[in-house]
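Only one structure is covered here, and it is reproduced in the block below.
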Amino acid sequence: MESQRILPPEVISHILSFLSPQEVVWLRVVSKQFRDISYDRAIWTTLYRNAPLPRPPGPFPSQTVQFLERTLVQSERLAHSWTTQPMEEISSVGIRPHGALDFYAIVYGRWLIGCERYSKVKIVAYDLEAGSHPYQVLWEHYMHYSCDACPVVSSSGPLVHVLFTADSSSWKLLEFRVNGNSFHHTFTLDIPSAQLELEASVMIYGGHSPFSYIKSFSSREKIIFNVETRSFYKFPPFESELANTDQPSSHVVLTNTHVISFFPHTRTGFDRASSTLVRAFTAPADSQLHNGTGILRLSHEGVIPNCNVYNNADLIRNSIVDAESGTINIRLLHQTFNGKAMQNLHMSCIDLMLPKHSSTDIILPMTIDLHDITDVHVPRNSYFTGSHECSIDFSDDGHVRGFYHFFAPRGILGRLSHSIMQFTIDASRDRCVADLGPILTPRWHQVGDLSDAMRIFFDGVRGRICYDRRYIRGANTGIYEAALVVNIK
Numbered sequence: 001m002e003s004q005r006i007l008p009p010e011v012i013s014h015i016l017s018f019l020s021p022q023e024v025v026w027l028r029v030v031s032k033q034f035r036d037i038s039y040d041r042a043i044w045t046t047l048y049r050n051a052p053l054p055r056p057p058g059p060f061p062s063q064t065v066q067f068l069e070r071t072l073v074q075s076e077r078l079a080h081s082w083t084t085q086p087m088e089e090i091s092s093v094g095i096r097p098h099g100a101l102d103f104y105a106i107v108y109g110r111w112l113i114g115c116e117r118y119s120k121v122k123i124v125a126y127d128l129e130a131g132s133h134p135y136q137v138l139w140e141h142y143m144h145y146s147c148d149a150c151p152v153v154s155s156s157g158p159l160v161h162v163l164f165t166a167d168s169s170s171w172k173l174l175e176f177r178v179n180g181n182s183f184h185h186t187f188t189l190d191i192p193s194a195q196l197e198l199e200a201s202v203m204i205y206g207g208h209s210p211f212s213y214i215k216s217f218s219s220r221e222k223i224i225f226n227v228e229t230r231s232f233y234k235f236p237p238f239e240s241e242l243a244n245t246d247q248p249s250s251h252v253v254l255t256n257t258h259v260i261s262f263f264p265h266t267r268t269g270f271d272r273a274s275s276t277l278v279r280a281f282t283a284p285a286d287s288q289l290h291n292g293t294g295i296l297r298l299s300h301e302g303v304i305p306n307c308n309v310y311n312n313a314d315l316i317r318n319s320i321v322d323a324e325s326g327t328i329n330i331r332l333l334h335q336t337f338n339g340k341a342m343q344n345l346h347m348s349c350i351d352l353m354l355p356k357h358s359s360t361d362i363i364l365p366m367t368i369d370l371h372d373i374t375d376v377h378v379p380r381n382s383y384f385t386g387s388h389e390c391s392i393d394f395s396d397d398g399h400v401r402g403f404y405h406f407f408a409p410r411g412i413l414g415r416l417s418h419s420i421m422q423f424t425i426d427a428s429r430d431r432c433v434a435d436l437g438p439i440l441t442p443r444w445h446q447v448g449d450l451s452d453a454m455r456i457f458f459d460g461v462r463g464r465i466c467y468d469r470r471y472i473r474g475a476n477t478g479i480y481e482a483a484l485v486v487n488i489k
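Per full-length UniProt numbering: the sequence shown = residues 1 to 489.
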């Protein structure tokens, strides 16, 4: 009978913890007992923590059971065909604001953050699950000069950082906590811009990390904000026994324990930089502040020989601490094009191993290990040098989903042909293993817009791509779409 118990609840819970997210949902039709237990938060917390799928950081108390379930089921559904079928558009929605909208970021795959300029300046969050028009106003101001946004993760849950200025001189950092279906403003801080020479061309970057990274394109200055200490930090003056360079860092990667910075490494003053200096920094809570800014502490450094890592290294597995030795392992994806006409795509893995510190006054050498993942030959009719975009999404434990978008001129008129190669990488093992799909023309008639977009955001969990659009659709229609959100499979 329906009311009879088939098994003790603790036995059913134990069984469900070994199933996939979709299998747990399917078992709800077996009996009322299975259905009731399958909504238990402990089960979905365990599944979320252990699922071999790309997924946002978590689980956190602020993430509902419905969020955990839906995220895992969507990611698992996408996994079934990601590398076997051409990318296909399921649906799309254009974001049509009342006034002009500057589009800044997609955070956690669900919210589009932008600045809408109409009667007032409003920083808004569009809920992509609810359609194009419902939005929450995060901040209002009478003027707008520049703005940017990024996701950040604290020990207690997901956050959003918004960088805002009304006059190009006084910058503010706004923080919002994501609670369920809404945002809650937690604080506003003045950025010590006088010391950092922040001007109009400023952007903020985040990710699966408690750090946000503020970069001014008009100077070498960079600033790091740590959500745990609520302090701003600068990089220390460059001094290293491994290199003698005054070149600025070419790339910064944010992890959940360290800020990783890359520098061109020249062995002599006459050689081209054939290696890369890697430096790891921490944000000490006891750093003395000067004009409101602390100094990052250099903890480890090392050299990647015969490898130029500029802007082509992406975090694919966050910091993992070895329980016995205390060594921290960080894993990066490195991508380069080489060979004749630069048509060979080489993907490799960079492992950074940072030994445990016994003193904060010394700089320890890091161990750096490289291993090849795969090589791909891109046909000439699909690609010409420099004409590609790579978008990835990943989980902290190393499950990666992404795609390459290649484009090349076609015909006398020089129209572009577009090809997509979808891939996954399992970076949770000792060595990375890739699964590559074929290079195919996507079943998506608006894919050409990607080559003109200034910003592209890829949600590899839900299968969602969002990018800016800067034109009016149709003759004299007056319809302006600031961004297009495309759901794919």
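No residue lacks a Cβ here, since even glycine has one placed at the ideal position from N, Cα and C.
Same chain, Cβ closer than 7 Å to residue i, neighbours up to 5 away in sequence not counted
| i | result |
| --- | --- |
| Thr327 | Met353, Leu354, Pro355, Lys356 |
| Ser325 | Lys356 |
| Pro192 | Phe232, Asn291, Gly292, Thr293 |
| Phe407 | Ser387, Leu416, Ser417, His418, Ser451 |
Cα-Cα separation between residue i and residue j, rounded to whole angstroms
| i | j | result |
| --- | --- | --- |
| Pro59 | Thr45 | 6 Å |
| Gln85 | Leu484 | 23 Å |
| Arg28 | Gln22 | 10 Å |
| Asp322 | Ser451 | 42 Å |
| Ser31 | Val124 | 44 Å |
| Cys466 | Ile106 | 7 Å |
| Val309 | Glu10 | 50 Å |
| Ser319 | Asp167 | 38 Å |
| Gln63 | Arg462 | 16 Å |
| Ser274 | Ser261 | 17 Å |
| Asn14 | Glu69 | In the sequence under discussion, the amino acid at residue 14 is His, which differs from the Asn named in the question. The straight-line gap from Cα to Cα measures roughly 17 Å. |
| Asp190 | Tyr48 | 37 Å |
| Glu175 | Trp111 | 15 Å |
| Leu370 | Pro8 | 49 Å |
| Asp271 | Asn306 | The pLDDT assigned to Asp271 is 49, lower than 50, so where the model puts this residue is not dependable; a value taken from the coordinates is nonetheless given after this. Distance between the alpha carbons of Asp271 and Asn306: 12 Å. |
| Leu416 | Tyr404 | 15 Å |
| Ala280 | Pro236 | 12 Å |
Opposing strand residues paired with residue i [DSSP bridges]
| i | result |
| --- | --- |
| Cys390 | Tyr404 |
| Asp351 | Arg331, Asp369 |
| Pro264 | Thr276 |
| Thr165 | Ser146, Trp171 |
| Met87 | For Met87, which the question treats as bridged, DSSP gives no partner whatsoever. |
| Ile295 | Lys234 |
| Met203 | Lys215 |
| Lys122 | Glu116, Glu140 |
| Arg222 | Correcting the residue type first, residue 222 is Lys in the shown sequence and not Arg. DSSP, once it has assigned bridges, lists Lys215 as partnering Lys222. |
| Arg464 | Asp459, Asn487 |
Closest Cα partner of residue i within the set the options
| i | options | result |
| --- | --- | --- |
| Ser395 | Leu72, Val376, Pro442 | Leu72 |
| residue 490 | Arg331, Met347, Leu332 | This structure gives no information on residue 490, because the portion of the chain shown stretches from 1 to 489. |
| Glu88 | Ile456, Phe458, Thr441, Ser451 | Thr441 |
| Ser155 | Gly94, Ile425, Pro57 | Pro57 |
| Lys215 | Gly206, Asn226, Val202, Gly207 | Val202 |
| Lys172 | Ser182, Leu159, Phe187, Pro158 | Phe187 |
| Val121 | Phe34, Met342, His141, His161 | His141 |
| Pro264 | Thr229, Ile304, Asn256, Phe183 | Ile304 |
| Phe256 | Pro54, Ile363, Val152, Leu138 | Phe is not the amino acid found at residue 256; the sequence shown has Asn there. If we check each option's Cα against that of Asn256, Val152 comes out closest. |
| Ala149 | Glu301, Tyr205, His185 | Tyr205 |
| Ile113 | Phe67, Leu277, His161, Ser287 | His161 |
| Thr336 | Asp372, Pro158, Phe176, Leu174 | Asp372 |
| Pro52 | His445, Arg77, Gly157 | Arg77 |
| Cys432 | Phe406, Ile95, Phe423 | Phe423 |
| Arg55 | Gln33, Ala79, Pro61 | Ala79 |
| Arg230 | Ile425, Ser20, Pro210 | Pro210 |
| Leu138 | His185, Asp361, Asn179 | His185 |
Same chain, Cβ closer than 6 Å to residue i, neighbours up to 5 away in sequence not counted
| i | result |
| --- | --- |
| Tyr233 | Ile224, Ala283, Gly294, Leu296 |
| Gly269 | Confidence is the limiting factor: at Gly269 the pLDDT is only 49, short of 50, which leaves the residue's position unreliable, though a coordinate-based value still follows. The answer is none, since no qualifying residue turns up. |
| Ile90 | Asn487, Lys489 |
| Gly478 | Note that Gly478 scores 42 on pLDDT, short of 50, meaning its location in the model is unreliable; the coordinates nonetheless yield the value given after this. Counting only Cβ-Cβ distances below 6 Å, and skipping sequence neighbours, we find nothing. |
| Cys147 | Cys115, Phe164 |
| Val24 | Leu16, Ser38 |
Residue i and residue j closer than 8 Å at C-beta
| i | j | result |
| --- | --- | --- |
| Leu333 | Asp375 | no |
| Arg331 | Ala427 | yes |
| Glu389 | Ile316 | no |
| residue 495 | Arg41 | The displayed coordinates of the chain run from 1 to 489. Any statement about residue 495 would go beyond what the structure contains. |
| Asp351 | Asn329 | yes |
| Pro365 | His258 | no |
| Gly402 | Ser391 | yes |
C-beta neighbour in chain B for residue i, strict 8 Å
| i | result |
| --- | --- |
| Val24 | You won't find chain B in this structure, because it holds only one protein chain. |
Nonlocal neighbours in the same chain, by C-beta distance under 8 Å from residue i, ignoring five residues either side
| i | result |
| --- | --- |
| Asn476 | Any reading at Asn476 is ruled out, since the residue's pLDDT is 41, under 50, leaving its predicted position unreliable. |
| Asn181 | Asp127 |
| Ile43 | Ser13, Leu16, Ser17, Val24, Ile37 |
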